[in-house]
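Take any residue in the sequence shown, note its place counting from 1, add 430, and you have its number in the working numbering.
By construction, the Cβ of each residue, glycine as well, lies at the ideal position given by its N, Cα and C atoms.
On a predicted model such as this, the values are computed, not experimentally measured, just so you know.
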Amino acid sequence: AFLVSKHFGVKTAYHYALLHPERVMGVITLGLPFVLPGLELFPREFFPKCFYMLRWEEPERAEADFGRLDVKTVVRNIYILFSEVNFRHEEDQEIMDLVDPSTPLPSWFTEEDLANYATLYEKSGFCTAL
Numbered sequence: 431a432f433l434v435s436k437h438f439g440v441k442t443a444y445h446y447a448l449l450h451p452e453r454v455m456g457v458i459t460l461g462l463p464f465v466l467p468g469l470e471l472f473p474r475e476f477f478p479k480c481f482y483m484l485r486w487e488e489p490e491r492a493e494a495d496f497g498r499l500d501v502k503t504v505v506r507n508i509y510i511l512f513s514e515v516n517f518r519h520e521e522d523q524e525i526m527d528l529v530d531p532s533t534p535l536p537s538w539f540t541e542e543d544l545a546n547y548a549t550l551y552e553k554s555g556f557c558t559a560l
């Protein structure tokens with residue numbers, strides 16, 4: 431099999447390939463390079479305290495942030511935020527509060543895409559895969 435992964439799935443794909451080389455013909459990843467097990471690519475100190483991944487590691491923080499809004503708005507906000515190279519925010523701001531409701535969707539993400547993803551996430555929630 432070939433494993434294809436992005437961001438959060440990269441580490442899992444690499445580790446699976448290392449543990450089961452007889453099952454994996456290749457690994458394709460986007461976003462992160464290979465790092466040996468037990469090493470960190472970027473230590474926590476590398477990121478500001480308000481970095482979204484560090485915030486959302488706090489138990490129930492992402493759930494509370496997302497839970498204030500309908501699913502379609504959460505998906506919309508995420509695609510707008512993460513299409514930006516850098517977005518600035520204060521430590522006391524929640525991630526979902528960073529998007530101005532009048533901000534248009536990225537040109538590559540249509541209203542139809544948004545509706546489809548919102549429907550899928552309404553069924554699955556945000557804690558599991560679609």
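By the Cβ-count criterion, ASN546 is exposed, with fewer than 16 other Cβ atoms from all chains shown falling within 10 Å of its own Cβ. When secondary structure is reduced to three states using DSSP, PHE432 falls in the strand class. Between the alpha carbons of ILE525 and SER513 lies a distance of about 14 Å. In the displayed model, VAL501 falls within a helix according to three-state DSSP. Straight across, the Cα-Cα distance linking GLU552 with TYR446 is about 30 Å.
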